[in-house]
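Participant: The opening position of the sequence shown corresponds to residue 350 in the numbering used here, with each subsequent residue numbered one higher. From the three backbone atoms N, C-alpha and C, an ideal C-beta is built for every residue, glycine too. Have a look at this one.
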Amino acid sequence: MPRINKRWITFGIFVVLASLDNAAAGVLPPLYAIIARDLNASETSLGFVTSTYFLIVAGASLLWGFRGDQTRRKPLLFVGTLIWGTAMLLTTTAVQFWQFLLWQSITAVGVGAVSALGFSMISDVIPPRRRGFALSLWSVSQGLGAAFGSMSAGLLGAYSWQWPFLLIAGLGLLFALLFLLTPEPERGQAEPELAPLYASGQTYQSRIVFADLAVILKRPSNRWLLLQSFFFSLAYGATLWIPRWAIARVQAAGYTLETATIVGNLFVALFSVGGFFSIVGGHIGDRLQLRSERGRPYLAAFSLLGSIPFFIALYFIPFHNVSIPENGRLFEIIWAVLISLFTNGWVIAAFLVAFIAISLQAVDLPNWAAMLTDLNLPEHRGTIIGFSKIFRAVGNATSVSLAAFAFQWLVPTVGEPANFTIGLTFFQIFVIPILLCYLSIARSIRQDRPAVHKILVARGKNIQR
350 MPRINKRWIT
360 FGIFVVLASL
370 DNAAAGVLPP
380 LYAIIARDLN
390 ASETSLGFVT
400 STYFLIVAGA
410 SLLWGFRGDQ
420 TRRKPLLFVG
430 TLIWGTAMLL
440 TTTAVQFWQF
450 LLWQSITAVG
460 VGAVSALGFS
470 MISDVIPPRR
480 RGFALSLWSV
490 SQGLGAAFGS
500 MSAGLLGAYS
510 WQWPFLLIAG
520 LGLLFALLFL
530 LTPEPERGQA
540 EPELAPLYAS
550 GQTYQSRIVF
560 ADLAVILKRP
570 SNRWLLLQSF
580 FFSLAYGATL
590 WIPRWAIARV
600 QAAGYTLETA
610 TIVGNLFVAL
620 FSVGGFFSIV
630 GGHIGDRLQL
640 RSERGRPYLA
650 AFSLLGSIPF
660 FIALYFIPFH
670 NVSIPENGRL
680 FEIIWAVLIS
690 LFTNGWVIAA
700 FLVAFIAISL
710 QAVDLPNWAA
720 MLTDLNLPEH
730 RGTIIGFSKI
740 FRAVGNATSV
750 SLAAFAFQWL
760 VPTVGEPANF
770 TIGLTFFQIF
780 VIPILLCYLS
790 IARSIRQDRP
800 AVHKILVARG
810 KNIQR
């Protein structure tokens, strides 16, 4: 098999694993109401589960990532996938809230391995000139994974909340076995500066040591990228409640919680197709980067700025005159939702506005990830993504918890679904600090990227005779 085919097959399996760990994270929010009812818990307490999940994923990512930068990553990634897949299965046995929290916390430990090690290995498969495009596929896979988790929750969870957990766990364990059949990429093999080293039959031997942690954090662009992670999650972490917003919109039209859960999550899945624009955004970032090192940060900044009015508009669009067969069969409900996408003006407007908002937002992740890769040495990439997960998790946990509090606080004043509309709109204000981070990166990247390039060139020429 040609090397390029092996490379893309390996990349494909990494992408699927990344999508499934996002499915594991995305399956819970749409089921808040149903699980809360079955476990005699509040929706706010389940929001606490999600916040805890994010924090554990972050801490685990840093530990997995640092260890992966020291040694072989394939065995670690396999073990991590086994952990989260098994814990997802055990989550379905929970009959009390503390049991649910325990198994979801263990799930998060395993997911942390995929987050850090998968990113590190992907960076060693794809060369820099195609990194934005490749990481856009990685980005889309995460969005698809979250959508798959949300849709599974909506379609299966309305009948039994355990079913989507069983489905995602089974798929995760299956792809863990397929992963064993793929070769582990050599560290740094995709870097053009290291081509002479690999052409001589040698491999890149540099590995991270504890002293390198200070080196990573002292690099200005890294600090701004990490700060960007925090504010991005603070702004968009609350969007995990969008399925609940959609369910409340459908309930306001007079439908039961079970029917609204299916319909609301179908709407969210349809509205999320703008995430595919990430592929275009990654490709544009690759082209701009060839012209100027400032290309990626400017592209990401202006795309996020443009998304703000569209996200705000989306939250205020009602779902009037939606006709759904109450207590109908699943196929009938799905068909009614699809028909409304062409016949109901409110649904059409929501779809178009959501498509633009999410398309613009989707430009960010592949270009952010490409910058993070290019600005760090191969033996530092698992660790830096682990650091970013901590910043992102703190932002997510803060955002999700604040959103849960805000939604509850607003209920006596404005009721549902207006509480979700006002609450979600508020979090768009945190997009502004993201833009300031990118403007700072546009300045610092001009010194930081050449510094990394210089080190790799020197190591690529260090051939042992």
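#1: Enumerate in chain order the residues of its own chain whose CB-to-CB distance from Pro-351 is below 7 Å, with the five nearest sequence positions on each side excluded.
#2: Excluding five sequence neighbours on each side, which residues of the same chain lie with their C-beta closer than 7 Å to the C-beta of Ser-621?
#3: Note down, one range per segment and in chain order, each beta strand (DSSP E) of at least 3 residues found wholly within the stretch 376-407.
#4: On the DSSP letters alone, give me the boundaries of the alpha helix (DSSP H) that Asn-571 sits inside.
#5: If you check the beta carbons only, do Trp-433 and Ala-373 fall under 8 Å apart?
#6: Straight-line CA distance for Lys-738 to Pro-674?
#7: To the nearest angstrom, how far is the alpha carbon of Leu-588 from that of Ala-597?
#8: Do you know offhand how far Ala-409's Cα is from Gly-459's?
#9: Going straight from the alpha carbon of Leu-426 to that of Gly-414, what length do you get?
#10: Could you check whether the stretch 547-566 touches the stretch 758-773, counting it as contact only if at least three pairs of C-beta atoms, one from each stretch, sit closer than 8 Å?
#11: Kindly indicate which three-state DSSP category Glu-542 falls into: helix, strand or coil?
#12: Give the range of the alpha helix (DSSP H) segment to which Gly-644 is assigned.
#13: What separation, rounded to the nearest whole angstrom, lies between the Cα atoms of Ser-750 and Leu-543?
#14: Contact check, Ser-368 vs Gly-494 under 8 Å by CB: the rounded distance?
#15: Give the straight-line distance between the Cα atoms of Ala-609 and Val-599, rounded to the nearest whole angstrom.
#16: Can you look up Gly-772 in the DSSP assignment and give me helix, strand or coil?
#17: By DSSP, does Ile-804 sit in helix, in strand, or in coil?
#18: Using the rule of at least 16 other Cβ atoms within 10 Å of the residue's Cβ for burial, across every protein chain shown, is Asn-371 buried or exposed?
#19: DSSP state of Asp-473, grouped into three classes?
#20: Considering only residues of the stretch 409-495, which uninterrupted alpha helix (DSSP H) runs meet the minimum length of 4 residues and lie entirely inside it, listed in chain order?
#21: Give the DSSP-derived three-state secondary structure of Tyr-547 in the structure shown.
#22: In angstroms with no decimal places, state the Cα-to-Cα distance between Ser-627 and Asp-713.
#23: Mind checking whether Gly-744 and Gly-586 have CB atoms under 8 Å apart?
#24: If you drop the 5 nearest sequence neighbours on each side, which residues of the same chain put their C-beta closer than 6 Å to that of Ser-570?
#25: Less than 8 Å between C-beta atoms, sequence neighbours within five positions excluded: which residues of the same chain meet that for Phe-754?
#26: Kindly indicate which three-state DSSP category Asn-716 falls into: helix, strand or coil?
#27: When DSSP labels each residue in this structure, what does Arg-352 get in the three-state scheme?
#28: Is Thr-441 close to the ligand MG? I mean its beta-carbon at under 7 Å from any heavy atom of the ligand.
#29: Between Thr-440 and Thr-456, how many whole angstroms is the CB-CB distance? I'm expecting something under 8 Å.
#30: Would you kindly work out how many angstroms separate the C-alpha atoms of Phe-446 and Thr-399, rounded to a whole number?
#31: If contacts are defined as beta-carbon pairs under 8 Å, then Trp-590 and Ala-752 qualify, I think. What distance do you get, rounded to the angstrom?
#32: What does a CB cutoff of less than 6 Å around Gly-644 pick up in its chain, not counting 5 residues either side in sequence?
#33: Near Phe-740, which residues of its chain fall below 6 Å by C-beta distance, leaving aside the five closest residues on each side in sequence?
#34: Run the CB neighbour count on Gly-764, radius 10 Å, all protein chains shown included, and call it buried at 16 or more, exposed below.
#35: Smallest Cα separation from Ser-490: which of Pro-424, Pro-715, Val-801 and Trp-758?
Facilitator: This is what the structure gives:
#1: In the sequence shown, the residue the question calls residue 351 occupies position 2. With a pLDDT of 46 at Pro-351, under the threshold of 50, the predicted position of this residue should be treated as unreliable, though the coordinate-derived value follows. There are no such residues.
#2: Taking the first residue of the sequence shown as 1, we reach residue 621 at position 272. Cβ within range, chain order: Gly-492, Ala-496 and Ile-707.
#3: none
#4: Working through the sequence shown from its first residue, we reach residue 571 at position 222. Counting along the chain, the alpha helix (DSSP H) containing Asn-571 begins and ends at 569-585.
#5: Locating residue 433 in the sequence shown gives position 84, counting from the first residue. Locating residue 373 in the sequence shown gives position 24, counting from the first residue. Yes; because the gap between Cβ atoms is below 8 Å, this pair is in contact.
#6: For the purposes of this step, residue 738 is taken as residue 389 along the sequence shown, with counting starting at 1. For the purposes of this step, residue 674 is taken as residue 325 along the sequence shown, with counting starting at 1. Roughly 42 Å between the two C-alpha positions.
#7: Position 239 of the sequence shown, counted from the first residue, corresponds to residue 588. Position 248 of the sequence shown, counted from the first residue, corresponds to residue 597. According to the sequence as given, residue 588 is Thr; it is not Leu. So the two alpha carbons sit approximately 14 Å from each other.
#8: Counted from its first residue, the sequence shown places residue 409 at position 60. Counted from its first residue, the sequence shown places residue 459 at position 110. Taking the straight line joining both Cα atoms gives about 8 Å.
#9: Locating residue 426 in the sequence shown gives position 77, where the first residue counts as 1. Locating residue 414 in the sequence shown gives position 65, where the first residue counts as 1. Whole-angstrom Cα-Cα distance: 10 Å.
#10: no
#11: For the purposes of this step, residue 542 is identified with residue 193 of the sequence shown, where counting begins at 1. In the structure shown, Glu-542 sits in a helix (DSSP, three-state: H, G or I).
#12: If you number the sequence shown from 1, residue 644 lands on position 295. First-last of the alpha helix (DSSP H) with Gly-644: 644-665.
#13: For the purposes of this step, residue 750 is taken as the residue at position 401 of the sequence shown. For the purposes of this step, residue 543 is taken as the residue at position 194 of the sequence shown. Straight-line Cα distance between these residues: approximately 45 Å.
#14: For the purposes of this step, residue 368 is taken as the residue at position 19 of the sequence shown. For the purposes of this step, residue 494 is taken as the residue at position 145 of the sequence shown. Ser-368 to Gly-494, Cβ: 3 Å. Contact.
#15: Reading the sequence shown from its first residue, position 260 is the one you call residue 609. Reading the sequence shown from its first residue, position 250 is the one you call residue 599. Distance between the alpha carbons of Ala-609 and Val-599: 5 Å.
#16: Residue numbering aside, residue 772 sits at position 423 when the sequence shown is read from its first letter. Three-state result, Gly-772: helix.
#17: Looking up residue 804 in the sequence shown gives position 455. Of the three classes helix, strand and coil, the one that applies to Ile-804 here is helix, per DSSP.
#18: Position 22 of the sequence shown, counted from the first residue, corresponds to residue 371. Its Cβ being crowded by 16 or more others within 10 Å, Asn-371 is buried.
#19: The residue labelled residue 473 in the question sits at position 124 within the sequence shown. Coil.
#20: 423-440 and 446-472
#21: Here residue 547 corresponds to residue number 198 of the sequence shown, with the count starting at 1. Of the three classes helix, strand and coil, the one that applies to Tyr-547 here is helix, per DSSP.
#22: As a working mapping, residue 627 is identified with position 278 in the sequence shown. As a working mapping, residue 713 is identified with position 364 in the sequence shown. Those two C-alpha atoms are separated by around 8 Å.
#23: For the purposes of this step, residue 744 is identified with residue 395 of the sequence shown, where counting begins at 1. For the purposes of this step, residue 586 is identified with residue 237 of the sequence shown, where counting begins at 1. Yes. Within cutoff.
#24: The sequence position of residue 570 within the sequence shown is 221, counting from 1. Hits under 6 Å: Leu-724, Ile-790, Ser-793, Ile-794 and Asp-797.
#25: Counting from one through the sequence shown, the residue named residue 754 turns up at place 405. Result list for Phe-754: Thr-393, in chain order.
#26: Counting from 1 along the sequence shown, the entry for residue 716 is found at position 367. Helix.
#27: Position 3 of the sequence shown holds residue 352. Residue placement at Arg-352 is flagged as unreliable, the pLDDT there being 49, under the threshold of 50; a coordinate-derived value is accordingly withheld.
#28: Among the ligands in the structure shown, none appear at all, so the ligand MG cannot be discussed.
#29: Locating residue 440 in the sequence shown gives position 91, where the first residue counts as 1. Locating residue 456 in the sequence shown gives position 107, where the first residue counts as 1. The Cβ separation is near 7 Å, so the contact holds.
#30: By 1-based counting over the sequence shown, the position of residue 446 is 97. By 1-based counting over the sequence shown, the position of residue 399 is 50. Going from the Cα of Phe-446 to the Cα of Thr-399 covers about 13 Å.
#31: Position 241 of the sequence shown, counted from the first residue, corresponds to residue 590. Position 403 of the sequence shown, counted from the first residue, corresponds to residue 752. Confirmed, Cβ separation roughly 5 Å.
#32: For the purposes of this step, residue 644 is identified with residue 295 of the sequence shown, where counting begins at 1. Answer for Gly-644: Leu-637 and Gln-638, listed in chain order.
#33: As a first step, residue 740 is located in the sequence shown; it is residue number 391 there, counting from the start. Excluding sequence neighbours, Phe-740 sits near Leu-575, Ser-578 and Phe-579.
#34: What you label residue 764 is simply residue 415 of the sequence shown in a count that begins at 1. Gly-764 is exposed by the Cβ-count criterion.
#35: For this step, residue 490 is matched to residue 141 along the sequence shown. When each option's Cα is compared against that of Ser-490, the closest is Pro-715.
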